[in-house]
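Have a look at the structure below before the remarks.
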């Protein structure tokens, strides 16, 4: 078993009923407490350019394997992945965990929920 496969097995072992989902309010609370998470938007560039969570970075899911080390160098950072509805971001958190990032979470409800709750966004 290689190192990455072993981390994936550990990731699945620590998975709880929440599937590492965090609600939008948790993300905002982390920021208020000075632990600003890195918000990684894994949607395609066109969707990201249209609207995005303030302060987020865009790494489309298909580009994550090539860009994660350059754009998220701190493996100790709290990372919250977001997509349209939480499916693609679930793949992203598993990938990042397998590469040594322990504090990876999935934004519950994705951008749809963030927008519905009228939270801070950047619109172009």
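Residue numbers (the working numbering): 23 to 146.
Backbone N, C-alpha and C define an ideal beta-carbon position, used for all residues, glycine too.
These numbers come from a predicted model, not from an experiment.
Start and end residues, alpha helix (DSSP H) containing residue i
i           : result
residue 90  : 86-93
residue 100 : Unbroken run through residue 100: none, as it is neither H nor E.
residue 115 : 109-120
heavy atom of the ligand PLP below 6 Å from residue i C-beta
i           : result
residue 129 : In the structure shown, the ligand PLP is absent, as is every other ligand, since no ligand is present at all.
Close-in-space but distant-in-sequence residues of the same chain around residue i (CB under 6 Å, 5 per side omitted)
i           : result
residue 139 : 46
residue 126 : 101, 115, 118 and 119
First through last residue of the beta strand (DSSP E) which encompasses residue i
i          : result
residue 73 : 73-75
residue 62 : 60-63
Buried/exposed call for residue i, threshold 16 Cβ in 10 Å
i          : result
residue 78 : buried
residue 95 : exposed
residue 65 : buried
8 Å Cβ shell around residue i - same chain, five flanking residues per side excluded
i           : result
residue 155 : This structure leaves residue 155 out entirely; the chain is present only between 23 and 146.
residue 108 : 43, 128, 129, 130, 131 and 132
Option in the options with minimal Cα separation from residue i
i          : options               : result
residue 44 : 98, 112, 84 and 121   : 112
residue 28 : 134, 121, 126 and 141 : 121
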